[in-house]
Amino acid sequence: MNQYYTQLLPYLERNHAYEAALALLSWDTETLAPPAASENTAKYVGILSEEAYHILICDEVESLLKKLSSKKEQETLSVSEQAVVRLLQKQFKKLSCIPPKEYREFSELCATAQTVYCRAKQNAKFEDFAPTLEKLVDYTRRFASYRAEKNDNLYDLLLDEYEEGFTTDILDDFFAKLREAIVPLMKQVIAKNDTIKKDYNTRNYPEDIQEGFCRFLSGYLGFDYNRGVIAESEHPFTTSLHNHDVRITNHYYSDNLESAMFSAIHETGHALYEMGVDDTLSGTPAGTGISMGMHESQSRFYENMIGRSKEFWEPLFPKLKATYPEELADVSLENFIAGINKAEPGPIRTEADELTYPLHIMIRYELEKDLIAGNCTVSDLPELWNKKYKDYLGITPKNASEGVLQDIHWSGASFGYFPSYALGSAIAAQLYHYMAQQIPVTDYLKEGNMVPIREFLRDHIHKYGAVYPTNELLKKVTGEEFNPDYYIRYLTEKYTKLYHL
Ligand code: ZN
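The opening residue of the sequence shown carries number 4 in this note's numbering; numbering runs sequentially from there.
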């Protein structure tokens, strides 16, 4: 092994130890920690984060990275090692160009911003959050400008943090195609929406029984309980300490059958990605999923393409009915499939169905792009938000907490994050198209055999961790870079068939 790379490894390992501890604290805060713990825990998180930062952002690592970037040394590195160096350089560049004093002030602002945001959301008062949001936008623009080169679009730099290689040009084209196809499709669907009944969904489904069924579902998809656990939290999420310790959460509502089941499938998709990363990459910057968008592609592939298909439920529906014999007595497989795919525009992103979901993302994308470019101000947001909801989804939010304040992302300065959600769905459709050409996916689903599907994803995507950027990986798997046409076709065909349009 390259001597400089060998010298780099202990830094990576120490940094990862802190990161794993931080992930564990965060998991604990969301699942089991007592309410009074939060203040001290936040302090310790601050200390551990700072330590983790200093392990990597130091002269020794800088000098090793410099040596490792030379052509001569690069030639001696394996593809995975080159990826580790590249990812680390990117992280280093991002953090080291920010003056430490400003970074600390920004971290402190972020720590309080969430509380300010939560209170403003509770009271549905955007004006209470606006001054904080203005500062967050300011810092974001300033930090991006520190690493910008001449003529760089600042929002492109933010996008690059979540989805390397994706630019406003690519996304503008993607969302324009979506808008053109989905807005009219949605109008046709709404006109026929009374044809699908799903009152069964809100009958009585005891939480403990739901939990049992969801555990079964995750295992059925391949969640390895030897390397993972499932707990409860307010909002379902996945976290990974390393590829042998991957954790997901769920939330059970006794008057909603679908919510927890599809969360279980979604989070299992994320978990399988993390569990499938090759052991040799674990603990390095390449030892996790490549990007938010690729991660969402895995969760949404399982949730939507697989989990909402008739073939998937053919072997499972009798078990679901046996689990809830009274509540589902009058529900056929056909009713159930129509119900779980029903589309209805609503104001809340996280409750949106597969068809209207990308429109919620498009609205956020357009707004934050304008905000970062200086084409609109924070105080313009509520009005613009409502106008776009009216234009694209035909609805007006009741108040700010149901409107512009509904998502937590901006309070954490996560500008550039939202597009990944829509990209994830589109990547999932592209992957599904190619997978179906290579293996008989629907036959496996009907047989209840999930192994070949999981193995396909592991061999083509999961095992590589973050070694290949999204577009490079897509090209390896599907023969082409990101192409939104598969997604548009998938949605159009699916809803045309479901609603007999
Ligand atoms: Zn997700």
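C-beta atoms are modelled at their ideal positions from N, C-alpha and C, and glycine is treated no differently.
Just so we're clear, the structure is a prediction, and the values are computed from it rather than from any experiment.
Alpha-carbon spacing of residue i relative to residue j, whole angstroms
i	j	result
F240	H19	21 Å
P385	H363	15 Å
A151	L98	13 Å
L160	K393	30 Å
F87	F146	Residue 87 is actually Val in this sequence, not Phe. One C-alpha to the other measures close to 24 Å.
L27	N196	44 Å
K74	T9	18 Å
K190	E369	21 Å
P288	F339	42 Å
E130	S243	36 Å
A469	Y498	34 Å
I442	V280	22 Å
T44	N156	38 Å
P487	V186	16 Å
K313	I199	16 Å
F418	T283	32 Å
A425	K104	35 Å
K466	I173	27 Å
G406	L136	15 Å
S534	G49	Residue 534 is absent from the structure shown; the chain starts at 4 and stops at 504.
V140	S423	19 Å
F304	D62	43 Å
Proximity to residue i [Cα-Cα], best of the options
i	options	result
E347	I340, G468, L358 and G225	L358
I60	K201, Q94, E484 and S72	Q94
L91	S110, E78 and L67	L67
N154	F418, P321, A376 and N474	A376
V119	K138, L181, A179 and D281	K138
E329	Q433, N204, F421 and Q77	N204
V249	G49, E270 and K70	E270
E54	Q440, A263, K449 and A23	A23
F169	E483, Y223, N474 and K500	N474
N253	A234, R206, N246 and F132	A234
F421	A439, H465 and Y360	Y360
W30	Y158, V232 and E484	V232
T353	A263, L477 and D141	A263
E306	E483, A431, H57 and P38	A431
L80	S335, E111 and Q6	Q6
I491	D176, A429, A194 and R303	A429
L396	E371, A355 and L434	A355
Check: residue i C-beta below 6 Å from any heavy atom of ligand 1
i	result
S302	yes
E183	no
E76	no
E299	yes
Buried or exposed by the 16-neighbour rule on C-beta atoms within 10 Å, applied to residue i
i	result
L504	exposed
N344	buried
Y208	buried
R144	buried
H298	buried
L181	buried
V64	buried
V82	exposed
C217	buried
V454	exposed
E42	exposed
I251	buried
Range of the contiguous alpha helix (DSSP H) that encloses residue i
i	result
P232	Checking the displayed sequence, the identity of residue 232 turns out to be Val instead of Pro. Where V232 is concerned, there is no enclosing alpha helix (DSSP H), although the beta strand (DSSP E) it sits in stretches over G231 to E235.
T291	First-last for T291: undefined, no H or E at that position.
S99	V82 to S99
S66	D62 to L71
H245	Taken as a continuous stretch (DSSP letters only), H245 belongs to no alpha helix (DSSP H), being part of the beta strand (DSSP E) at T241 to H245.
P422	P422 to Q441
E54	S41 to L59
H273	L260 to M278
N474	T473 to T481
D163	L157 to Y165
M453	Premise fails: M453 is in no alpha helix (DSSP H) and is neither H nor E.
C113	P103 to Q125
Y223	E210 to L224
P134	F129 to R150
V407	Element bounds for V407: n/a, residue is neither H nor E.
A194	T171 to A194
Endpoints, beta strand (DSSP E) assigned at residue i
i	result
R250	D248 to N253
H556	Past the edges of the chain, shown from 4 to 504, lies residue 556, and the structure says nothing about it.
L35	From DSSP, L35 is part of no beta strand (DSSP E); its letter is neither H nor E.
Test: residue i CB closer than 7 Å to a CB of chain B
i	result
R206	Judged by its chain identifiers, the structure shown contains no chain B, having just a single protein chain.
Proximity test, residue i beta-carbon vs ligand 3 heavy atom, cut-off 6 Å
i	result
Y498	As far as ligands go, the structure on display features ligand 1 and does not contain ligand 3.
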